[in-house]
Amino acid sequence: MKKHIFITASILSTIASFSQENTDDYLAFNDTVKNRKGEVLKEVIITSNLQKLPVSIGKSPNNQMDLPQAATIITSKTLENQQVNNLTDLLKNANGVYIMGTTGGYQEEIASRGFSLSSSNTFKNGIRFFNGMPLETSGLERAEFLKGSAAILYGNVTAGGILNLVTKKPKFDFGSEASIRVGSFNTFKPIYDVYGALNESKKVAFRLNGSYETADSFRNYVSSDRLYVNPSFLIKLNAKTELLVEADYTKDERTPDFGAGIINYEIVEIPRERFLGVSWGKYNSQQVFASATLTHKFSDKWNVNFLTGMRYYDTELFANTRPNSGTNGTVQANGDWTRSIQRNEAKDNYFIQQLDVKGKFATGKIEHQFLAGIDTEFFKTYTTAYSNFSNYDTINIFEEYNATNEAPIPTLNKSSLTTAPITRSGIYVQDLIHFSDKWKLLTGIRYSYQDTQSDVYTYSNQTTVNTTNYDGAFSPRVGLIFKPSNNHSLFASYSNSFDVNTGQDDNGKALKPSIVDQYEIGIKNKLFDERIHLNVTAYQITNDAFYQQSLANGNTYSYVKVLAGEVRSQGVEIDLISNPFEGLSILAGYSFNETKFTDSDYYIPGSLLRYNPKNTANLNANYSFKGKLNGLEIGVINSYVGERYAGRSTRTQVANDSRKLIFINDFYQMDATVAYTYKKLSIRTKLSNVFNELSYNVHDDNSLNPIAPRNYSVALNYTF
């Protein structure tokens, strides 16, 4: 039987007091409602869906229906239901955002709308994080994707959009939980999370969560270990001022695996589990964040945020060089491969300070939501390259690899040290103007300045080569919103940004920045008492100066580049979020994108950029049973990645060009989950790649990584 709900002032007050912290849970009172006289009222659906709320990476507290831009929020409930354990799992919920490569098996390179999302486009709690190492998801509260341009807010970001990972925050009510996850490939992962107030007055709250994971792989000789710790504190300095202090540490060690299943730009069939690297190879990485965010409310309408933070990462790669790279590293037609050894180290120090002022005011009958800010960032990267050890040994990729035949680990000498300090600063202002309930205008502008330096020290001759590049530009943004009702919003927007290009041209001069124009139109809908959120977006992005490594005159230096031409990205995205009835939640989406050279003297005009599928889609559903089966949940996760190309694009300026593109078939993958909760104990199981689909992530023709075969995981969780 359905329960009768009496809506009283106290209940309404409780509903109104839901904080953003609690909005990860979907609440559906799909019951018949009666008033105090017993009269049946209209059925009420109460939701606290995060799609209603501002994206924190957007800085200004604008409702998503008032944002002329596509956005996706992946909640903690989705992370829990799907047992998300890596970035690949996460992206199965982000329509139009996809893995473009997994070079060496130690990073997940992502792209959106045809453009790579580098470390400049990826954030954790609003601070840029290094995405050249595996992502730990156990500390995440949610993930936010803001597609399209974000240059006005964050300066030098590429055109596809930005990703912000939000970690778990302190709570004043005590709680804790612990879990153990085991699974295929000898996976073992304990996870803990504890939070509460540090004093009786509840002025200081803390949270400490972390995990440790050790695992082998479906690939022979490959293993990994990862340690993660995430402490945070929230201090209520007074009724209007709060200080949030956070830290985040990840240490990851794993075996590099570039694969070797490509001969003459063709993928060859070898067993999925066959490893062809060196068993002693290593990729060690660690990254630490620390930040303090001070928030002060001047009034109900005005507040200020000040963020200061730092990030440090340290990586070391010592393994075989990639196949099909270097003078002697090509895999021969008979499968013979002469391997060489490489080593490099990279360290980075990063600091940020950011001040935002937000407020609401009116000029006559026109209302404004105002944002103004200033930020400054400082990077300093140290990259140590070692001289490669050539002709380490020769193996055959069609034969099973035997690590006992490996030669001794060689000693490599340092070749060069590149020190690259970067200073970036910006000032921006934005205003969402409410002309009426139906018409709104979002407008703003940012000025960014970047000072990029590079000092390359060569150990053999003890010389240093210095280059300096100064770039500055304005990034405007304007978007018009028309809302015929509170449940429908149409928008059109334009933005302009610039990308800094590192390196130099054939004459040794610094490269000019690329100017990127973005146009976007869309419609957002809340249908059937907000049980369905349906959004459709179309866009065009044009990069007027796309640079590639120069291949003229046998050049082998990656920093010498040539203007390859103009690149245009066009596409359509459809996003659907639905809770049609109590217990069922659905996430679905479809994306079409075509990114190609439109004007080029270097590549064939009309040729597509590599790694980008034209079509991607997802359909995910989770159902929570009630009644006698209360506590039982089942789910399916369906994802589709369309055809795409890797390899090397054909050049028009080189006669008899031997380079080719590598065609990669489309694939569909299904995962299934089953969970049961009894009081404080829950068990969650997951079967991934149910149909044992085989596909690959390919970088150029020198790193081929098969996706994992059918595998399982089981997690036992206890809440204290």
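Residue numbering for the sequence shown follows my numbering, beginning at 160 and increasing consecutively. The beta carbon of each residue, even a glycine, is placed where N, CA and C say it ideally should be. What you are looking at is a predicted structure, and each value in this text was computed from that prediction instead of being measured.
CB contact flag (residue i, residue j, <8 angstroms)
i: N777; j: S744; result: no
i: D495; j: Q513; result: no
i: E852; j: I823; result: no
i: A451; j: L435; result: no
i: Y285; j: L466; result: Sequence inspection shows Gly at residue 285; the Tyr mentioned does not correspond to that position. Yes, the pair counts as a contact, with Cβ atoms nearer than the cut-off.
i: G631; j: S607; result: yes
i: Q266; j: G291; result: yes
i: N479; j: I500; result: yes
i: S335; j: V353; result: yes
i: K218; j: S271; result: no
i: E475; j: E432; result: no
i: L703; j: E725; result: The sequence shown places Asp at residue 703, rather than the Leu named in the question. Cβ distance < 8 angstroms, so D703 and E725 count as in contact.
i: R727; j: A310; result: no
i: I592; j: K251; result: no
i: S541; j: K573; result: Inspection of the sequence shows that residue 541 is occupied by Tyr rather than by Ser. For Y541 and K573, no; Cβs fall outside 8 angstroms.
i: S862; j: R340; result: no
i: D407; j: K283; result: yes
i: A318; j: F288; result: no
Inter-residue Cα distance where the pair is residue i and residue j
i: R470; j: D411; result: 16 angstroms
i: R769; j: G806; result: 8 angstroms
i: S207; j: T775; result: Note on S207: pLDDT 38, under 50, position unreliable in the model; no value is reported.
i: A532; j: K597; result: This sequence places Gly at residue 532; Ala is not what is there. Those two C-alpha atoms are separated by around 28 angstroms.
i: P390; j: S279; result: 24 angstroms
i: Y185; j: N323; result: Any reading at Y185 is ruled out, since the residue's pLDDT is 36, under 50, leaving its predicted position unreliable.
i: F594; j: K517; result: 19 angstroms
i: A449; j: N462; result: 23 angstroms
i: N245; j: K506; result: 24 angstroms
i: F557; j: H647; result: 58 angstroms
i: Q445; j: E425; result: 35 angstroms
i: V388; j: P293; result: 15 angstroms
i: T262; j: R378; result: 15 angstroms
i: N189; j: K683; result: With a pLDDT of 36 at N189, under the threshold of 50, the modelled position of this residue cannot be trusted, and the question is left open.
i: G638; j: V588; result: 14 angstroms
i: I700; j: K755; result: 11 angstroms
i: A669; j: Y629; result: 9 angstroms
i: Y855; j: K330; result: 42 angstroms
i: F529; j: K519; result: 6 angstroms
Burial state of residue i (16 or more Cβ within 10 Å)
i: T527; result: One point to set straight first is that residue 527 is His, not Thr, in the sequence displayed. When all chains shown are included, H527 counts as exposed.
i: S788; result: Per the sequence presented here, residue 788 reads as Leu, with Ser not at that position. Exposed, by the Cβ-count rule.
i: L840; result: exposed
i: L686; result: exposed
i: Y877; result: exposed
i: Q621; result: exposed
i: V833; result: exposed
i: E753; result: exposed
i: L396; result: exposed
i: G794; result: buried
i: Q104; result: Outside the modelled stretch of the chain, which goes from 160 to 879, sits residue 104, for which no answer is possible.
i: Q491; result: exposed
i: K720; result: buried
i: G468; result: buried
i: K399; result: exposed
i: Y871; result: exposed
i: E202; result: Since pLDDT at E202 reaches only 39, below the 50 mark, its modelled position is unreliable, and the value read off the structure follows with that caveat. That one is exposed.
i: D760; result: exposed
i: P772; result: buried
i: K624; result: According to the sequence as given, residue 624 is Val; it is not Lys. With fewer than 16 other Cβ atoms within 10 Å, it is exposed.
i: Y837; result: exposed
i: T522; result: exposed
Presumed contact (8 angstroms Cβ cut-off) between residue i and residue j, rounded CB distance
i: A874; j: V849; result: That pair is no contact at about 18 angstroms.
i: L393; j: Y371; result: Contact flag wrong, Cβ pair sits at about 26 angstroms.
i: Q612; j: V659; result: Rounded, the Cβ-Cβ distance is 12 angstroms, inconsistent with contact.
i: L276; j: G314; result: Actually they do not touch by this definition, with Cβ atoms about 15 angstroms apart.
i: L601; j: I640; result: 7 angstroms
i: D552; j: A562; result: Rounded, the Cβ-Cβ distance is 11 angstroms, inconsistent with contact.
i: V243; j: I232; result: Going by Cβ atoms, the distance from V243 to I232 rounds to 14 angstroms, so no, they are not a contact pair.
Beta carbon proximity, residue i to chain D, threshold 8 angstroms
i: I793; result: Structure shown: chain D not included; a single protein chain is present.
Residue i beta carbon near the ligand FAD (any heavy atom closer than 7 angstroms)
i: P865; result: Among the components modelled here there is no ligand, and therefore nothing to report on the ligand FAD.
* beta strand (DSSP E) segments (min. 3 residues) lying fully within the segment 732–787 -> 743–758 and 774–783
* **Ordered list of beta strand (DSSP E) runs contained in the segment 288–356, each at least 3 residues** => 299–306, 320–326, 334–342 and 346–356
* To do: Enumerate, from N- to C-terminal direction, the unbroken beta strand (DSSP E) stretches of 3 or more residues contained entirely within the segment 242–275.
  => 256–260 and 268–271
* Asked: Which runs of the beta strand (DSSP E) fall wholly inside the segment 615–682 and span at least 3 residues, in chain order?
  -> 622–644 and 647–658
* Quick one: complete beta strand (DSSP E) runs, 3+ long, within the segment 216–240? -> 230–233
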